[in-house]
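Undergrad:
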Amino acid sequence: MNESLKHLNRYSTPAKALVEPAPDDTQLHTILKTALSAPDHGRLHPYRFISIRGKARRRLSEIFGQATLDRDPGVDPAYLAKQKDKPLRSPLIVVVVASLIQSPKIPEIEQMLSAGAAAHNVLLAANALGFGSIWLTGANAYDAYVCSELGLGENERIIGFIYIGTPAIDLPPRPIPEVSRHHLEWK
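Mapping the sequence shown onto the numbering used here, position 38 (from 1) lands on 38, and the numbers just tick up by one.
1) Can you tell me whether DSSP reads Gly165 as helix, strand or coil?
2) Any idea if Asp40 is buried or exposed, counting beta-carbon neighbours within 10 angstroms, 16 or more meaning buried?
3) Assuming the contact rule is C-beta atoms closer than 8 Å, Arg10 and Leu124 should be a hit. Round their C-beta distance to whole Å, please.
4) Touching or not, the region 136-152 and the region 55-72, by the rule of three or more beta carbon pairs under 8 Å?
5) Given this structure, state the Cα-to-Cα distance separating Ala78 from Gly42, to the nearest angstrom.
6) Would you call Lys86 buried or exposed, if buried means 16 or more other Cβ atoms sit within 10 Å of its Cβ?
7) So which of Gly74, Met112, Pro91 has the shortest CA-CA distance to Ile101?
8) Taking only three categories from DSSP, how would you classify Tyr188?
9) Taking the alpha carbon of Gly54 as the point to measure from, which residue in Val94, Ile31, Ala126, Leu184 has its own alpha carbon closest?
10) Distance check for Ile159 and Gly116, CA to CA, integer angstroms please.
11) Quick check: what's the CA-CA separation for Phe192 versus Trp135?
12) Need the endpoints of the alpha helix (DSSP H) that Ala98 sits in, please.
13) Just to confirm, is the Cβ distance from Val97 to Ala35 under 8 Å?
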């Protein structure tokens, strides 16, 4: 495959299969710089990123555990353990946050889409640098306690937790549907 089209083979690597090494500071800077090139009506850059690695993953684990207990005090212990394990699955997590700005010209939905495009650029840049990644959400992404503990403001929403690391497994190429099944030329 042409190296310039390498992103076409991007696929989600299961978070449990992401190991060290994670991107170093220089590589993470490149990934985030790429994210900042997302389409953005009005050049608002209505998003920001929180990187979580090392011991901070344990802190996020406790936050996920508390959020799970708050949502369901009678939660099954196995499910609670699974929720607490999530931040420990990969060596780096990039939290993509939509930072919505009041604008008479640029609606909230366009800002959310821009933040989603920034998240996708994180995936593409990580892949281009040889790392595996997966974009995850779930109940913790929408939990007020998690958002508060991560320092989000009232105008902010978690777009996703992007887990990044070196793939510990080889995955077969992802099947890509035929373009003709998803494209219509309107005349």
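Idealized CB from N, CA, C, for every residue including glycine.
TA: Judging by the given coordinates:
1) What you label residue 165 is simply residue 165 of the sequence shown in a count that begins at 1. If DSSP states are grouped into helix, strand and coil, Gly165 belongs with the strands.
2) Indexing the sequence shown from 1 puts residue 40 at position 40. That one is buried.
3) Counting from 1 along the sequence shown, the entry for residue 10 is found at position 10. Counting from 1 along the sequence shown, the entry for residue 124 is found at position 124. Contact holds; Cβ gap of about 6 Å.
4) yes
5) As a first step, residue 78 is located in the sequence shown; it is residue number 78 there, counting from the start. As a first step, residue 42 is located in the sequence shown; it is residue number 42 there, counting from the start. Looking at the two C-alpha atoms, the distance is approximately 46 Å.
6) Sequence index remark: in the sequence shown, residue 86 carries index 86 (1-based). With 16 or more Cβ atoms within 10 Å of its Cβ, Lys86 is classed as buried.
7) Stepping through the sequence shown from its first residue, residue 101 is reached at position 101. Per the Cα distances, Met112.
8) Since the first residue shown for the chain is 1 and the last is 187, residue 188 is missing from the structure and cannot be characterised.
9) Position 54 of the sequence shown holds residue 54. Comparing Cα-Cα distances from Gly54 to each of Val94, Ile31, Ala126, Leu184, the minimum goes to Val94.
10) In the sequence shown, the residue the question calls residue 116 occupies position 116. In the sequence shown, the residue the question calls residue 159 occupies position 159. Going from the Cα of Gly116 to the Cα of Ile159 covers about 6 Å.
11) No answer is possible for residue 192: the residues shown for the chain start at 1 and end at 187.
12) For this step, residue 98 is matched to residue 98 along the sequence shown. No alpha helix (DSSP H) holds Ala98; the beta strand (DSSP E) holding it covers 92-99.
13) The sequence position of residue 97 within the sequence shown is 97, counting from 1. The sequence position of residue 35 within the sequence shown is 35, counting from 1. It is not a contact, given that the beta carbons lie outside the stated cut-off.
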